[in-house]
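A.B. asks:
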Amino acid sequence: MGKKFLRFEYLLLFAVFTIATCGLVYELVAGTLASYLLGDSVKQFSFIIGVYLFSMGVGSYFSKFLTKNMLNTFVEIEVLVGLIGGLSSVVLFLLFESVYSFQFILYLLVFVTGCLVGLEIPLLMNILKDKVQFRDLVSNVFTFDYIGALLASILFPLVLVPQLGIMGTSLFFGMINISIAIVLCFLLKSELKKVYLLRTKAIAAFLLLFVVFIFSNTILSYSEGKLYGENVIYSNSTPYQRIVLTHNKSDYRLYLNNNLQFSSLDEYRYHEALVHPAMSMAKKVDNVLVLGGGDGLAVREILKYNDVKNVILVDLDEGMTQLFKTNTILTDFNRNSLNNPKVKVYNKDAFVWAKNTEIKFDVVIVDFPDPSNYSLGKLYSLSFYNTLKQLLTPDAVVVVQTTSPYFAPKSFWCINKTLMEIFPQVDAYHAYVPSFGEWGFSIAMNGFETNFNKVNREVQGLRFYNYQFDKFNYFSKDMISKNIEINRLDNQILVRYFDEEWGKL
């Protein structure tokens with residue numbers, strides 16, 4: 001009997017391990033999808049974690065009412081967790097553009113999944129309480145539970161999303177959940193009631209997920225086509241973001257995590273405004289650093305100056321830079337800039353890379369994504385700008401994209417004020433980009449040998465920027481914000497400003 005109970009115990013403990021792993025994966029999928037589709041990633045992830053943990057508590061509470069056929073109930077819950085969690089991403093992708101109450105459905109799915117997962121551990125402990133010593137039971141159950149959570153948190157960003165994508169990941173783990181239920185139906189058939197019916201349910205649920213998994217790319221293409229309203233010609237999930245390229249007539253658009261990065265019709269306005277003021281004002285432009293800008297479009301503008309000798313681009317996402325090195329449509333846009341012999345690309349965290357490099361630069365172009373979360377907010381902090389200053393030659397020029405002064409004036413002037421704490425000369429300017437509206441930049445000089453209206457060099461053939469800087473740095477009253485705090489690493493006030501202002505839109 002002891003050997004039988006040992007096998008029985010560890011079969012169920014392994015089931016707990018898979019439940020913990022899969023449950024956390026479903027939570028991560030929901031949080032990632034919420035940040036992709038709704039933006040405001042800090043708030044969405046926080047809410048989803050809170051709802052998930054609360055719902056597990058609710059499930060644990062109601063588990064005390066499940067006193068009959070507990071082993072059958074345990075297996076049925078395993079099937080339900082796999083079915084609901086596995087299909088959750090499919091449902092969310094398909095309904096995002098179709099229903100008004102999308103967030104209600106999102107949190108309902110998180111709540112139901114959490115309740116089911118919360119039922120499992122107390123139910124298991126009740127099943128095993130007469131078969132295993134209580135001390136061993138508690139330690140084993142929670143050991144397997146926490147190991148499963150750790151495994152999920154490691155695999156999700158490093159392996160699962162890059163290889164399977166968000167939808168494929170949830171479906172794959174749904175099939176794992178249900179596979180465990182099927183195994184239990186066969187190995188514990190003498191312990192289960194109506195085992196054939198239970199087995200049929202589990203196999204049917206597995207087949208449903210398997211069929212949806214096979215067609216998941218088709219479903220994803222259909223849902224993204226509805227989401228963007230354009231033909232999706234490329235999509236890929238990297239460890240850091242979802243990259244989608246669309247085409248509509250003569251316009252190509254790049255989206256990262258559902259946020260528009262550029263439109264081929266007007267990106268020249270943004271990139272000329274970003275690059276050419278700094279390049280024209282700097283005393284020299286031998287060595288230029290680009291932080292972010294993995295599309296190579298800023299590098300394209302930099303290489304128009306013949307006296308540039310070296311360009312270093314630091315972008316975290318290798319999937320992004322490789323795409324813009326190899327895709328023929330995109331290399332046409334950036335004029336193959338990332339393959340230019342003057343250019344070196346480093347796929348590193350810019351915050352870490354800047355602390356470790358000893359190279360000095362004459363111009364720095366900072367083209368990071370907007371500060372929508374704390375990971376990005378640190379790249380706009382006083383600490384980072386202080387690090388950046390150490391990389392500059394005397395009288396070097398730095399320019400930073402600083403979101404919209406019209407839609408997010410607090411965010412815009414927060415970045416500008418933070419730069420003013422570090423650099424002796426700082427100014428701000430903006431340009432109208434039809435795809436984005438009014439978009440802003442801050443520019444800083446590491447000395448006093450030049451000024452913002454002095455033009456040291458020009459290139460011909462620009463379509464937008466005319467080297468008259470004073471035409472770009474006038475701000476109307478509705479783009480001004482006062483009483484703004486500095487963005488420090490320990491307060492990240494910028495992220496709160498950004499969430500507050502863009503959240504309204």
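Under the UniProt record's numbering, the very last position in the sequence shown is 505; numbers go up by exactly one each time.
Just so it is clear, CB atoms sit at the ideal spot from N, CA and C, and this is done for glycine as well.
Distance, Cα to Cα, histidine 247 vs valine 366?
C.D. replies: Locating residue 247 in the sequence shown gives position 247, counting from the first residue. Locating residue 366 in the sequence shown gives position 366, counting from the first residue. Spanning the two alpha carbons is a distance of roughly 27 Å.
A.B. asks: I'd like to check one pair, alanine 152 with leucine 53: are the Cβ atoms closer than 8 Å?
C.D. replies: Taking the first residue of the sequence shown as 1, we reach residue 53 at position 53. Taking the first residue of the sequence shown as 1, we reach residue 152 at position 152. Not closer than 8 Å, so no.
A.B. asks: Using 8 Å as the threshold, is the C-beta distance between lysine 342 and valine 308 below it?
C.D. replies: Start at 1 with the first residue of the sequence shown, and residue 342 comes out as number 342. Start at 1 with the first residue of the sequence shown, and residue 308 comes out as number 308. Yes, they are a contact pair.
A.B. asks: For leucine 494, which residues in the same chain have their Cβ closer than 8 Å to its Cβ, ignoring the five residues on either side in sequence?
C.D. replies: Within the sequence shown, residue 494 is the residue found at index 494, counting from 1. Excluding residues within five positions, the ones whose Cβ falls inside 8 Å are Pro371, Gly377, Tyr380, Ser381, Ser411, Cys414, Ile415, Thr418, Asn487.
A.B. asks: Out of Phe436, Glu485, Thr21, Asp470, point me to the one whose CA is closest to residue 506's CA.
C.D. replies: Outside the shown range of the chain (1 to 505) lies residue 506, about which nothing can therefore be said.
A.B. asks: Could I get the ranges of all uninterrupted beta strand (DSSP E) runs contained in the region 311-371, with 3 residues as the minimum, in chain order?
C.D. replies: As far as the region 311-371 is concerned, its whole beta strand (DSSP E) runs of at least 3 residues are 343-346, 361-367.
A.B. asks: To the nearest angstrom, how far is it from the Cα of arginine 253 to the Cα of asparagine 236?
C.D. replies: Indexing the sequence shown from 1 puts residue 253 at position 253. Indexing the sequence shown from 1 puts residue 236 at position 236. The straight-line gap from Cα to Cα measures roughly 14 Å.
A.B. asks: Which residues in the same chain have their Cβ closer than 7 Å to the Cβ of lysine 89, if we skip the five residues on either side of it in sequence?
C.D. replies: Here residue 89 refers to the residue found at position 89 of the sequence shown. The residue asked about is misnamed: residue 89 is serine in this sequence, not lysine. Taken in chain order, the residues that qualify are Val29, Leu33, Ile166, Met167, Ser170.
A.B. asks: Are the region 426-436 and the region 384-391 touching by the rule of at least three beta carbon pairs closer than 8 Å?
C.D. replies: Contact fails: fewer than three Cβ-Cβ distances are below 8 Å.
A.B. asks: With DSSP collapsed to three states, give me the class of valine 459.
C.D. replies: Position 459 of the sequence shown, counting from 1, holds the residue named residue 459. Three-state result, valine 459: coil.
A.B. asks: Taking leucine 489 as the reference, give the member of Asn373, Ile180, Val232 with the closest Cα.
C.D. replies: In the sequence shown, counting from the first residue as 1, residue 489 sits at position 489. Taking only the C-alpha atoms, the option nearest leucine 489 is Asn373.
A.B. asks: Taking the alpha carbon of residue 518 as the point to measure from, which residue in Ala273, Tyr305, Glu272 has its own alpha carbon closest?
C.D. replies: Residue 518 lies beyond the range of the chain shown here (1 to 505); nothing can be said about it.
A.B. asks: Per DSSP, what are the beta-bridge partners of leucine 184 in this structure?
C.D. replies: Counted from its first residue, the sequence shown places residue 184 at position 184. According to DSSP, which records beta bridges pairwise, leucine 184 is partnered with nothing at all.
A.B. asks: Return helix, strand or coil for tyrosine 222, following the three-state DSSP convention.
C.D. replies: Here residue 222 is taken as the residue at index 222 of the sequence shown, counted from 1. Of the three classes helix, strand and coil, the one that applies to tyrosine 222 here is helix, per DSSP.
A.B. asks: Within 8 Å, do at least three Cβ pairs link the region 148-163 to the region 184-203?
C.D. replies: Too few Cβ pairs lie closer than 8 Å, so no.
A.B. asks: Which of helix, strand or coil does DSSP assign to glutamate 501?
C.D. replies: For the purposes of this step, residue 501 is taken as the residue at position 501 of the sequence shown. Three-state DSSP puts glutamate 501 in a helix.
A.B. asks: Hey, quick one: how far does the alpha helix (DSSP H) through arginine 199 stretch, first residue to last?
C.D. replies: The residue labelled residue 199 in the question sits at position 199 within the sequence shown. Unbroken alpha helix (DSSP H) run through arginine 199: 195-214.
A.B. asks: Within a Cβ cutoff of 8 Å, which residues of the same chain sit near leucine 6, ignoring the five residues on either side of it in sequence?
C.D. replies: Counting from 1 along the sequence shown, the entry for residue 6 is found at position 6. In this predicted model, leucine 6 has a pLDDT of only 48, less than 50, meaning its place in the structure is not dependable; the value taken from the coordinates is given anyway. Cβ within range, chain order: n/a, list empty.
A.B. asks: With DSSP as the reference, identify every bridge partner of glutamine 425, one or two as the case may be.
C.D. replies: One-based indexing of the sequence shown puts residue 425 at position 425. Its beta-bridge partners are Met445.
A.B. asks: Answer with buried or exposed for proline 394, where buried requires no fewer than 16 other C-beta atoms within 10 angstroms of its C-beta.
C.D. replies: As a position in the sequence shown, residue 394 is number 394, starting the count at 1. By the 10 Å Cβ count, proline 394 comes out exposed.
A.B. asks: Under a Cβ-count criterion, where at least 16 other Cβ atoms within 10 Å of its own Cβ denotes burial, should alanine 204 be classed as buried or exposed?
C.D. replies: What you label residue 204 is simply residue 204 of the sequence shown in a count that begins at 1. Classification for alanine 204: exposed.
A.B. asks: Count the CB pairs spanning the region 175-187 and the region 72-89 that are closer than 8 Å, and state whether there are at least three.
C.D. replies: Touching, yes.
A.B. asks: Leaving out five residues on either side along the sequence, give the residues of the same chain with a beta carbon under 6 Å from the beta carbon of phenylalanine 452.
C.D. replies: Against the sequence shown, residue 452 aligns to sequence position 452. The residues are Asp427, Phe469.
A.B. asks: Just the C-alpha distance for aspartate 362 and methionine 320, rounded to the nearest angstrom, thanks.
C.D. replies: Taking the first residue of the sequence shown as 1, we reach residue 362 at position 362. Taking the first residue of the sequence shown as 1, we reach residue 320 at position 320. So the two alpha carbons sit approximately 26 Å from each other.
A.B. asks: How far does the alpha helix (DSSP H) with valine 308 in it reach, from first residue to last?
C.D. replies: Here residue 308 is taken as the residue at index 308 of the sequence shown, counted from 1. It is not in any alpha helix (DSSP H) - valine 308 carries neither H nor E in the DSSP assignment.
A.B. asks: Return the residue from the list Ser101, Leu274, Phe436, Asp315 that minimises the CA-CA distance to isoleucine 302.
C.D. replies: For the purposes of this step, residue 302 is identified with residue 302 of the sequence shown, where counting begins at 1. Minimum Cα distance to isoleucine 302 is reached at Leu274.
A.B. asks: Might you give, ordered along the chain, the residues of its own chain that have their beta carbon closer than 8 Å to the beta carbon of serine 221, omitting 5 neighbours on each side?
C.D. replies: Start at 1 with the first residue of the sequence shown, and residue 221 comes out as number 221. Taken in chain order, the residues that qualify are Val232, Ser235.
A.B. asks: By the three-class DSSP mapping on this structure, what secondary structure does phenylalanine 17 have?
C.D. replies: As a working mapping, residue 17 is identified with position 17 in the sequence shown. Helix, per DSSP.
A.B. asks: Any idea what DSSP makes of residue 517, helix, strand or coil?
C.D. replies: Past the edges of the chain, shown from 1 to 505, lies residue 517, and the structure says nothing about it.
A.B. asks: Between Ile121, Ile105, Glu421, which has its C-alpha nearest isoleucine 19's C-alpha?
C.D. replies: Working through the sequence shown from its first residue, we reach residue 19 at position 19. Per the Cα distances, Ile121.
A.B. asks: Quick one, are the C-beta atoms of valine 290 and leucine 256 less than 8 Å apart?
C.D. replies: Locating residue 290 in the sequence shown gives position 290, where the first residue counts as 1. Locating residue 256 in the sequence shown gives position 256, where the first residue counts as 1. Their beta carbons are not under 8 Å apart, which means valine 290 does not touch leucine 256 by this criterion.
A.B. asks: For serine 404 and phenylalanine 436, which I take to be in contact (beta-carbon distance under 8 Å), what is that distance rounded to the nearest angstrom?
C.D. replies: Here residue 404 refers to the residue found at position 404 when the sequence shown is read from its first residue. Here residue 436 refers to the residue found at position 436 when the sequence shown is read from its first residue. Contact holds; Cβ gap of about 7 Å.
A.B. asks: Kindly indicate the opening and closing residues of the beta strand (DSSP E) around valine 232.
C.D. replies: As a first step, residue 232 is located in the sequence shown; it is residue number 232 there, counting from the start. 231-237 is the extent of the beta strand (DSSP E) around valine 232.
A.B. asks: Among Val110, Lys68, His276, Tyr474, whose alpha-carbon lies nearest the alpha-carbon of valine 400?
C.D. replies: By one-based count along the sequence shown, residue 400 stands at place 400. Residue His276 is the option with its Cα nearest to valine 400.
A.B. asks: For glutamate 318, which of Tyr240, Phe210, Arg496 has the nearest alpha-carbon?
C.D. replies: For the purposes of this step, residue 318 is identified with residue 318 of the sequence shown, where counting begins at 1. The shortest C-alpha separation from glutamate 318 is found at Tyr240.
A.B. asks: How far does the alpha helix (DSSP H) with threonine 73 in it extend, from its first residue to its last?
C.D. replies: What you label residue 73 is simply residue 73 of the sequence shown in a count that begins at 1. Where threonine 73 is concerned, the enclosing alpha helix (DSSP H) stretches over 70-95.
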